[in-house]
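Quick notes on the structure that follows.
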Amino acid sequence: MKLSARNDLKGKVVDITKGTVVAKVRVDIGGQFITSLVSVDSISDLDLKVGDEVHAIIKSTEVLLGK
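Take the sequence shown: its letters are residues 500 to 566, numbered as in my numbering.
Pasting the structure below:
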């Protein structure tokens, strides 16, 4: 599969917290962590579980920072 996204970070799932509709997935990308919110259905469709190798693919036109 080819994607137009430039940011493809390979990592390992370290935590999945499921809510009613949305799940929070924490991914270790070499000692730093990224968190993604995905639907619970997507967790099931991907058969995603802690320890799985995944790609965090980021496609965004903005990055907001606050302090």
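A virtual CB, placed ideally from N, CA and C, is assigned to each residue, including glycine.
Secondary structure of residue i, DSSP reduced to three states
{"i": "I528", "result": "coil"}
{"i": "V537", "result": "strand"}
{"i": "D544", "result": "helix"}
{"i": "T516", "result": "strand"}
Assigned exposure category for residue i - 16 Cβ within 10 Å defines buried
{"i": "V526", "result": "buried"}
{"i": "V512", "result": "buried"}
From the options, residue whose alpha carbon lies closest to that of residue i
{"i": "K558", "options": "E552, G565, K566 and S535", "result": "S535"}
{"i": "K509", "options": "L563, I533, S541 and A522", "result": "I533"}
{"i": "S538", "options": "A504, E552 and I515", "result": "I515"}
{"i": "V524", "options": "K566, G565 and D551", "result": "D551"}
Distance, residue j Cα to residue i Cα
{"i": "K554", "j": "V520", "result": "Just to set this straight, residue 554 is His in the shown sequence, not Lys. Cα-Cα distance, rounded: 22 angstroms."}
{"i": "L547", "j": "K517", "result": "12 angstroms"}
{"i": "G530", "j": "R505", "result": "21 angstroms"}
Nonlocal neighbours in the same chain, by C-beta distance under 7 angstroms from residue i, ignoring five residues either side
{"i": "L502", "result": "I556"}
Same chain only: Cβ atoms within 8 angstroms of residue i, ignoring 5 sequence neighbours per side
{"i": "T560", "result": "none"}
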